Amino acid sequence: MVEIKKKRSSFEVIMKKALFIGLLIVISTTIKSVESIDWQASKPLSVAVIGTGYVGLVTGVCLAYLGHTVVCIDSDRKKINTLKNGACTIFEPGLEQLLHEVTQKGLLTFSTFNPEVLQDVQVIMITVSTPTLPTGQSDLNAVYSVINEVSSVLSSSFKIICLKSTVPIGTTNTIEKLLHDKGITDEHFALVYCPEFLREGNAVHDFFHPDRIIIGSSYPRGIRCMQQLYEPFITHNIPFLYTDPLSTEVMKYASNAFLSIKLSFINEMANLCDASGANIHDVAQGIGLDKRIGNAFLNPGPGFGGSCFPKDCASLLYLGKHFGTSLHSVKAALQINEEQKKKPVEKLRSLLHGNLQGKIVTVLGLSFKAHTDDVRHSPAITTIQLLLEEGAFVKAYDPVANEIMRQLFPTITYCPSAYEALTSADACIIMTEWPEFKSLDIATMKSLMKDRYLIDARNILDCEELA
Ligand code: UGA
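Per our numbering, the sequence shown starts with residue 779, numbered consecutively.
Structure, rendered in C-alpha cells:
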C-alpha cells in the first residue's frame, strides 16, 4: 500500500508577514556515478564526432570510455584549444573526470576540421546543432556543410556516417541523395540516423543507462557498425530498435513533444489545484501510480525550457504544416508553457497588490533546470524580463550560470551566493531546483531579507518547516 503524504496546500503557508508560496515541485534526479561502469567494447572502432557541443562532447567522451578511439572535431578553434588544454567547455556533472581519464589513456583527442583527421576513422558522427528559425523551420546549414566537408574523404575510403543531431523528417534521405548526386556510391558510405536522448545535467548517466538505442537505417553495414559501437549495451540488455530513417526522425520529435505535453498537462493541473485548494503532489503521485501514465515528468514547475523541448515542439509544428496535418496537442503544450513561465511574477505581483515598482527581487536559479549552466529558453529569462518591465530591481544568483545570464541581462546585480542575493530583498523567487537552495537556512533568509515574500516555483522548500 502506498501512503499518500499528509495533505497540505501546494501553494500557501503564511508565516507572520511572510507569504511562502510553493508553486510546484521538482525532485532533482540523482546524478549517479559512472565509476561502477566497466563496460568495454570488444572490437573498438575509431570515431570522429563532428560538433563538440553538449551532445557531441558527452558522446565523444563516453564512447572513448567504452574503449573506442575518438576525435572530437569543431570549427571553433578556441573551444578545441580549451579542450586540448584539459578544460571542459560545458558544465555537465561527471564529464570532466571522464574527459581527463580518456584523454590520459590516449583514447580521446580534439581537432578543428581537417580532412586528414578523417582519413583513418571508421565512423563519422554528426552532432552539430540544428537551431530553429523564427518560422519553426530547422536550420540545417551546419549539417549540410559537414556533409560537404566529409564527402571529400568518402571517395577514397569507406565510412559509416552516423547522424545524431535532431533533424526534420526526410533529412537522412536528403543526405543520402546529396551524396549520391556527388557521385559517391553505397560502396563508400553507409548512413544511419541514431538520435540521442541525453538530458543535460544527467547526460553522462543517461549515456550509460539509455532506455533504448534507436537505429534508423537501410544499410546493413551501418546497422552492424552501430551494434559494434554500442556492443556493451547489447550485452547489458538495453533494448535496440531497428527501423527506417523517417520513422526514427519522427520518433525523436515525438519523444520530446510527448514529454512537453505531459509537462504542460501537469502544470495546468497544478494551477487547478492551486485555485481549488487541492494538493498537486498527491494528485501527481496518484495518477503516476497508474502504469499507463507513469510517474516520470510529473513534477510541475515554472514551465519547461532548454535547447530541446521548445525548439523541437516548434519544429514539429512547422513539419505538421509542411505535411498538411494539424498537431493541436503540440501547439497547446507550447502555448500553456508560455503562460506558465509568467506565473511566478504574476504570483508575486498579486502578493504585492499589483505593484513591483522599486522592489528588490532576488531570483535564485538562472539555468533552465538544475545541474546545468544552460540558460537557453530558461523560465528565469521570462521572470527577469517581467520584473524589469515592472520596475523591480533584480538581484540574481545561480551556482554556475551567473556569467552566462550576464550576457543576456548585463545590468542586473549578480551575487556570489544565495545569502548575498537575499540581503535587503523585498521578495525572492526560486526558479531552479538546485540542491543548495533546498538546504537554505530559513532563519538566516528571514534575517537577511527586508520583507519576506517568497515564491518557490519548484516547491523545493519544506512548507511545514517554513510554517
Ligand atoms: C530533453 C529530453 O529529456 C532528452 O531525452 C533529449 O535527449 C533532449 O531533450 C534532447 O532532445 O536533446 P533536456 O532538455 O536536457 O532533455 O532536459 P529535461 O530533463 O528533459 O528537462 C526539460 C525541461 O522540463 C526543463 O525545463 C525541466 O525543468 C522541465 N521539467 C522536467 C519539469 O518541469 N518537470 C519535470 O518533471 C521534468
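Idealized CB from N, CA, C, for every residue including glycine. Quick caveat, the model's predicted, so the values are computed rather than measured.
Terminal residues of the alpha helix (DSSP H) in which residue i lies
| i | result |
| --- | --- |
| Asp1204 | Segment: none, Asp1204 is in no alpha helix (DSSP H) and carries neither H nor E. |
| Val982 | Ala981 to Phe986 |
| Ile1016 | Per DSSP, Ile1016 belongs to no alpha helix (DSSP H) and is neither H nor E. |
| Phe1323 | Limits of the chain in this structure are 779 at one end and 1245 at the other, which puts residue 1323 out of reach. |
| Asp1060 | Ile1058 to Gly1066 |
| Met1047 | Pro1023 to Ser1054 |
| Asp959 | Thr949 to Asp959 |
| Gly834 | Tyr832 to Tyr843 |
| Asp1090 | Phe1087 to His1100 |
Residue i Cβ short of 7 Å to the ligand UGA heavy atom set
| i | result |
| --- | --- |
| Thr944 | yes |
| Asn1034 | yes |
| Phe1187 | no |
| Gly1079 | yes |
| Lys1147 | yes |
| Asp917 | no |
| Glu1117 | no |
| Cys1086 | yes |
| Arg977 | yes |
| Leu1082 | The sequence shown places Phe at residue 1082, rather than the Leu named in the question. For the ligand UGA, at least one heavy atom lies less than 7 Å from the Cβ of Phe1082. |
| Leu1112 | no |
| Leu896 | no |
| Phe1075 | yes |
| Leu1041 | yes |
| Leu1037 | yes |
| Asp1090 | yes |
Other residues of its chain near residue i: CB distance less than 6 Å, five sequence neighbours each side excluded
| i | result |
| --- | --- |
| Thr890 | Arg855 and Ile858 |
| Ile1233 | Ile799, Pro1122, Lys1125, Leu1126 and Ile1207 |
| Tyr1096 | Gly914 and Gln915 |
| Gly1098 | Leu1105 |
| Ile953 | Ile925 |
| Lys1089 | Thr910 |
Residues near residue i in its chain [Cβ-Cβ closer than 8 Å; skip 5 each side]
| i | result |
| --- | --- |
| Ser820 | Glu1009 |
| Leu1226 | Tyr1197, Leu1200, Thr1201, Ser1202 and Ala1203 |
| Leu1019 | Arg990, Ile991, Ile992 and Ile993 |
| His1014 | Trp817 |
| Asn1073 | Ala1062, Gln1063, Gly1066 and Leu1067 |
Residue range of the unbroken beta strand (DSSP E) whose run includes residue i
| i | result |
| --- | --- |
| Leu1218 | Element bounds for Leu1218: n/a, residue is neither H nor E. |
| Thr847 | Thr847 to Ile851 |
| Val825 | Ser824 to Ile828 |
| Leu1142 | Ile1138 to Leu1142 |
| Met903 | Val901 to Ile904 |
| Leu941 | Lys937 to Leu941 |
| Ile991 | Ile991 to Gly994 |
| Tyr1231 | Tyr1231 to Asp1234 |
Residue i burial status per 10 Å Cβ neighbour count (16 or more: buried)
| i | result |
| --- | --- |
| Phe1101 | exposed |
| Arg1070 | exposed |
| Thr1140 | buried |
| Thr1103 | exposed |
| Gly979 | buried |
| Gly864 | exposed |
| Gln897 | exposed |
| Ser1156 | buried |
| Asp984 | buried |
| His1149 | buried |
| Leu801 | Residue placement at Leu801 cannot be trusted, given a pLDDT of 38 that sits under 50; what the coordinates show is reported in the next sentence. Result: buried. |
| Leu911 | exposed |
| Leu1055 | The residue asked about is misnamed: residue 1055 is Gly in this sequence, not Leu. Label assigned to Gly1055: exposed. |
| Arg1230 | buried |
| Ser934 | exposed |
| Asp959 | exposed |
| Leu1067 | exposed |
| Ala1174 | buried |
| Gly1143 | buried |
Inter-residue CB distance, residue i and residue j (contact presumed, cutoff 8 Å)
| i | j | result |
| --- | --- | --- |
| Thr837 | Thr905 | 6 Å |
| Ile938 | Val970 | 7 Å |
| Phe1082 | Ser1038 | 6 Å |
| Ile962 | Ser929 | 6 Å |
| Cys1091 | Ala1035 | 6 Å |
| Glu1211 | Ile1238 | 5 Å |
| Glu1027 | Val945 | 6 Å |
| Thr950 | Pro1023 | 4 Å |
| Glu1243 | Ile1220 | 6 Å |
| Asp1151 | Gly1084 | Contact flag wrong, Cβ pair sits at about 12 Å. |
| Leu941 | His966 | Leu941 to His966, Cβ: 16 Å. No contact. |
Chain-order list of residues whose beta-carbon lies under 7 Å from that of residue i (same chain, five-residue window excluded)
| i | result |
| --- | --- |
| Cys1051 | Ser788, Asn1057, Ile1058 and Val1061 |
| Met1223 | Leu1200 |
| Gln818 | Leu844, Gly845 and Pro1010 |
| Gly1000 | Ile938, Ala968, Leu969 and Val970 |
| Glu1046 | Ile1114 |
| Leu1164 | Lys1120 and Val1123 |
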